[in-house]
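Colleague: UniProt numbering applies: residue 1 is where the sequence shown begins, and numbers increase by one.
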Amino acid sequence: MTALPPAPERRDDSLIASERALSIVFGLVDMFVRGEGRHRANELAQFEALMLHFLTKIDPFSRAVVAQKLAPCASLPTSILELLAFDRDEVAEPILMSAPLLPPQVIEAILQTGSAALRACLERRHTQTETKTTAARALSEPSVPMAEASSPAITQEPEAKRPTHGGLASSSQAFFDASPIDRQATLQHLSEVSEGEVPAPISRDKLETLLRLLTLRDHDGVAQILTDVLLLPLPLTRRMIDDPHGEALVIAGRVMGLEEAQFLRLVLLANPQVGRVVDRVYRLRALYRQVSPQAAVKLVTIWRGSKSGQPRFVAFDNRRGTSIRQAQSTPAATNELGAFNRLSGRQ
1 MTALPPAPER RDDSLIASER ALSIVFGLVD MFVRGEGRHR ANELAQFEAL
51 MLHFLTKIDP FSRAVVAQKL APCASLPTSI LELLAFDRDE VAEPILMSAP
101 LLPPQVIEAI LQTGSAALRA CLERRHTQTE TKTTAARALS EPSVPMAEAS
151 SPAITQEPEA KRPTHGGLAS SSQAFFDASP IDRQATLQHL SEVSEGEVPA
201 PISRDKLETL LRLLTLRDHD GVAQILTDVL LLPLPLTRRM IDDPHGEALV
251 IAGRVMGLEE AQFLRLVLLA NPQVGRVVDR VYRLRALYRQ VSPQAAVKLV
301 TIWRGSKSGQ PRFVAFDNRR GTSIRQAQST PAATNELGAF NRLSGRQ
């Protein structure tokens, strides 16, 4: 009697589903990378929805391959970037090293609660950026010494044309018109010569409100808090927030007595133009450690008396501070802050 052939081995349903998810994800990634920068809004939305559904169904090694392919893509949806950045270290590393821009909440979470390997990634990224900048400046300006080329200046001006420390401190307008290297030099100089008592820190209530407003990305509310605490006109505090280089936030943070972690949140969330650039965040953190509270207070005091810093007297609007009161009391604000803290690993 002829023996019957063995029955085909039945494959596990979960394995079939995993292979199907892997095929879909790799197909989506290939199409996305080939069309980088040319996708329409509806195509990006479809890509985002499918990737968020299937990405968690594939194994970590495959997710690391996906992260490597997607990391350089400037149009990668933020939700996918965050999902990969908060994955295992081997998945997150390509994103942290190669993504053109990183969401501020990702940078903060890695700096505050990330593993040593992920913090090292951001350090390497910062170092590589500095090295490239130094090399580019040295090549374009052979007469500039390497040590000087490695400074955070965007454009190096002849010494005779550069403003003096006193000139930069004379008014807020002079400070904002200056380059980052001149601002930094002024702050460091004032820190060396300024004396006096350390200012009292911002009150606990105002600090909690400020952190809530930052979490809610409430630009006007944050500016109003700075106005109340620094005693500066609202247009000036808005300019301090919107400045693309961020040194003004160093001054604000020092006057308010913010801890470094609180200052990082201010830098990361107040102005996305600053908070999404890893190198800029690292530079400002280093500057924050160097600037004394007395120097920051001296500068703000001068700004209060300068013509460019004089407040404009306008009639009070009863709605002034509405966003602040809402941030203090609404359940939505509390929930948003709780979610942000959980994301950052804080309770």
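The C-beta atom is built at its ideal place from N, Cα and C for all residues, glycine as well.
Which full runs of the beta strand (DSSP E) of 3+ residues lie inside the region 5-87, going along the chain?
Modeller: none
Colleague: Flag this pair as touching only if the region 88-103 and the region 40-54 have three or more C-beta atom pairs under 8 Å; answer yes or no.
Modeller: no
Colleague: Shortest alpha-carbon distance to V250 belongs to which of V297, H39, A21, G35?
Modeller: The sequence position of residue 250 within the sequence shown is 250, counting from 1. Measuring from the Cα of V250, the nearest candidate turns out to be V297.
Colleague: Short of 8 Å in beta carbon distance, which residues of its chain neighbour A117, apart from the five on each side in sequence? Order them along the chain.
Modeller: Residue 117 sits at position 117 when you count from the first residue of the sequence shown. Excluding residues within five positions, the ones whose Cβ falls inside 8 Å are D89, E93.
Colleague: Mapping the DSSP letters down to three states, classify E197 as helix, strand or coil.
Modeller: Here residue 197 refers to the residue found at position 197 when the sequence shown is read from its first residue. Assignment of E197 by DSSP, reduced to helix, strand and coil, places it in the coil class.
Colleague: Taking 7 Å as the limit between beta carbons, can you name the residues of its chain near R280, skipping five residues before and five after?
Modeller: Locating residue 280 in the sequence shown gives position 280, where the first residue counts as 1. Counting only Cβ-Cβ distances below 7 Å, and skipping sequence neighbours, we find G246, V274.
Colleague: Would you say L122 and I110 are within 7 Å of each other, going by their C-beta atoms?
Modeller: Position 122 of the sequence shown, counting from 1, holds the residue named residue 122. Position 110 of the sequence shown, counting from 1, holds the residue named residue 110. Against a cut-off of 7 Å, the Cβ pair of I110 and L122 comes out as a contact.
Colleague: Could you spell out where the alpha helix (DSSP H) holding P103 opens and where it closes?
Modeller: Residue numbering aside, residue 103 sits at position 103 when the sequence shown is read from its first letter. Unbroken run through P103: none, as it is neither H nor E.
Colleague: Is the beta carbon of V267 closer than 7 Å to that of L284?
Modeller: Here residue 284 corresponds to residue number 284 of the sequence shown, with the count starting at 1. Here residue 267 corresponds to residue number 267 of the sequence shown, with the count starting at 1. Against a cut-off of 7 Å, the Cβ pair of V267 and L284 comes out as a contact.
Colleague: Evaluate the contact criterion for the region 169-186 versus the region 198-216: three or more CB pairs, one atom per stretch, below 8 Å.
Modeller: no
Colleague: How is E259 classed by DSSP in three states: helix, strand or coil?
Modeller: In the sequence shown, counting from the first residue as 1, residue 259 sits at position 259. It is coil, neither helix nor strand.
Colleague: Below 8 Å CB to CB, which residues in the same chain sit around Q290 once its five sequence neighbours on both sides are set aside?
Modeller: Against the sequence shown, residue 290 aligns to sequence position 290. These residues qualify, in order along the chain: L187, Q188, S191.
Colleague: Would you kindly report the start and end of the unbroken alpha helix (DSSP H) that includes A295?
Modeller: For the purposes of this step, residue 295 is identified with residue 295 of the sequence shown, where counting begins at 1. 293-305 is the extent of the alpha helix (DSSP H) around A295.
Colleague: Going by CA-CA distance only, name the one from T301, S115, S194, A71 that's closest to L232.
Modeller: One-based indexing of the sequence shown puts residue 232 at position 232. If we check each option's Cα against that of L232, T301 comes out closest.
Colleague: How long is the line joining the alpha carbons of A67 and F86, rounded to whole angstroms?
Modeller: Working through the sequence shown from its first residue, we reach residue 67 at position 67. Working through the sequence shown from its first residue, we reach residue 86 at position 86. Going by the C-alpha atoms only, they are around 11 Å apart.
Colleague: If I follow the unbroken alpha helix (DSSP H) through A99, where does it start and stop?
Modeller: Position 99 of the sequence shown holds residue 99. Boundaries for A99: no alpha helix (DSSP H) harbours it, and the DSSP string shows neither H nor E there.
Colleague: One question on the structure: do R254 and P293 come within less than 7 Å of each other, judged by their Cβ atoms?
Modeller: Sequence index remark: in the sequence shown, residue 254 carries index 254 (1-based). Sequence index remark: in the sequence shown, residue 293 carries index 293 (1-based). Yes, these two residues count as a Cβ contact at 7 Å.
Colleague: Whole angstroms are fine: how far does the CA of Q105 sit from the CA of G27?
Modeller: Taking the first residue of the sequence shown as 1, we reach residue 27 at position 27. Taking the first residue of the sequence shown as 1, we reach residue 105 at position 105. Computed Cα separation, rounded: 29 Å.
Colleague: Measure the Cβ-Cβ separation of L22 and I80 and say whether it is below 7 Å.
Modeller: Within the sequence shown, the letter at position 22 stands for residue 22. Within the sequence shown, the letter at position 80 stands for residue 80. It is not a contact, given that the beta carbons lie outside the stated cut-off.
Colleague: Compute the distance between the beta-carbons of H39 and Y282, then report whether it is under 7 Å.
Modeller: Counted from its first residue, the sequence shown places residue 39 at position 39. Counted from its first residue, the sequence shown places residue 282 at position 282. It is not a contact, given that the beta carbons lie outside the stated cut-off.
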